[in-house]
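J.: Residue numbers (the working numbering): 678 to 761.
My questions will all concern the structure given below.
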């Protein structure tokens with residue numbers, strides 16, 4: 678278990694480094710690759726540190742519902758910003 682947590686932590690640090698370099702070196706910062714890196718970080722957190730694979734079905738259901746709700750909120754906010 679500790680090995681998985683350490684690997685998840687190192688992967689999160691590597692993704693953060695890539696994200697910071699991409700945002701700092703490329704002007705203007707490309708939005709889609711940075712968002713994909715953030716999505717990768719969220720997946721590493723959920724699957725590596727929270728250990729959703731070993732959780733019960735009810736916990737996974739609530740995690741999926743929360744992810745859907747966040748996706749809905751972000752898409753509505755983005756849609757509102759793009760139509761201004």
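Glycine residues also receive a C-beta, built at the ideal position from the N, C-alpha and C atoms.
With distances taken between CB atoms, is the gap from residue 640 to residue 726 smaller than 8 angstroms?
T.: Nothing about residue 640 can be reported from this structure: the residues present for the chain run from 678 to 761 only.
J.: So, residue 710 versus residue 702, is the Cβ gap smaller than 8 angstroms?
T.: Residue numbering aside, residue 710 sits at position 33 when the chain shown is read from its first letter. Residue numbering aside, residue 702 sits at position 25 when the chain shown is read from its first letter. Result no, Cβ atoms of residue 710 and residue 702 do not sit closer than 8 angstroms.
J.: According to the neighbour-count rule (16 or more other Cβ atoms, all chains shown, within 10 Å of its Cβ), is residue 721 buried or exposed?
T.: In the chain shown, residue 721 corresponds to position 44, counting from 1. It counts as buried.
J.: Would you identify the three-state DSSP class for residue 733, choosing helix, strand or coil?
T.: One-based indexing of the chain shown puts residue 733 at position 56. Coil.
J.: When the Cα atoms are used, what is the spatial distance from residue 708 to residue 732?
T.: As a working note, residue 708 is residue 31 in the chain shown. As a working note, residue 732 is residue 55 in the chain shown. Roughly 33 angstroms between the two C-alpha positions.
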